[in-house]
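Only one structure is covered here, and it is reproduced in the block below.
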Amino acid sequence: MLPGRKRTYAPRGCTPILHAPCRYDHLSVMAAVTMEGQFYARVRARSLNSFDSVAFVQRLQARWPENKLLVIWDGSPIHRFKAMCAFQQTPAAANFTFERLPGYAPDLNPLDTGVWHHLKNVTLANVCCQNLDQLQEELARAIKALRAKPRLIQACFGTAKLSLQL
250 MLPGRKRTYA
260 PRGCTPILHA
270 PCRYDHLSVM
280 AAVTMEGQFY
290 ARVRARSLNS
300 FDSVAFVQRL
310 QARWPENKLL
320 VIWDGSPIHR
330 FKAMCAFQQT
340 PAAANFTFER
350 LPGYAPDLNP
360 LDTGVWHHLK
370 NVTLANVCCQ
380 NLDQLQEELA
390 RAIKALRAKP
400 RLIQACFGTA
410 KLSLQL
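Okay, structure coming up:
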């Protein structure tokens with residue numbers, strides 16, 4: 250769990266050294282953005298799997314039961330595993346259109362080019378957490394602040410090199 254240092258200060262000639270424990274603890278986040286500037290995220294203190302993908306999509310469906318939803322997946326393998334493929338064949342998936350981005354294409358993904366970039370490099374810049382609980386609190390605070398800025402979320406679609414023809 251390494252901190253994301255952006256900027257620091259030290260007297261001339263005294264190079265600052267950041268001591269951080271090197272652990273492999275992590276948070277996994279699955280998120281969705283809408284063209285209206287809404288942001289939904291699911292945070293877990295473990296690796297996500299295809300069952301988590303299905304549960305996330307079902308939560309989106311519960312939020313907008315009458316709407317046809319376009320789901321654009323990144324290249325993560327959890328979106329292609331059996332549970333998600335099986336869900337896509339069920340009647341419950343009738344309100345969804347699933348599109349997949351190429352294997353590694355962060356420049357096409359509004360979440361990567363906009364939302365995560367903003368959270369990591371602006372809101373959470375220089376935040377150093379001692380443990381996962383503290384990191385989860387900081388992330389929740391950052392997500393709440395971002396949700397209050399729908400225009401910023403909408404602007405993320407402009408930074409992505411993805412053309413949507415609705």
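To convert a position in the sequence shown, counted from 1, into my numbering, add 249. Even glycine gets a Cβ: it sits at the ideal position worked out from N, Cα and C.
Check	Outcome
Distance CB(ILE327)-CB(LEU297) smaller than 7 Å	yes
Proximity of PHE345 and SER299 at Cβ, strictly below 7 Å	no
Local Cβ density within 10 Å of CYS405, reported as buried at 16 or more and exposed below that	buried
At least 3 beta-carbon pairs within less than 8 Å: the region 366-378 vs the region 337-353	no
N-terminal and C-terminal residue of the alpha helix (DSSP H) that ARG400 is part of	399-408
Those residues which DSSP pairs with SER277 across a bridge	ARG293
Distance between THR283 and THR264 (C-alpha atoms, nearest Å)	44 Å
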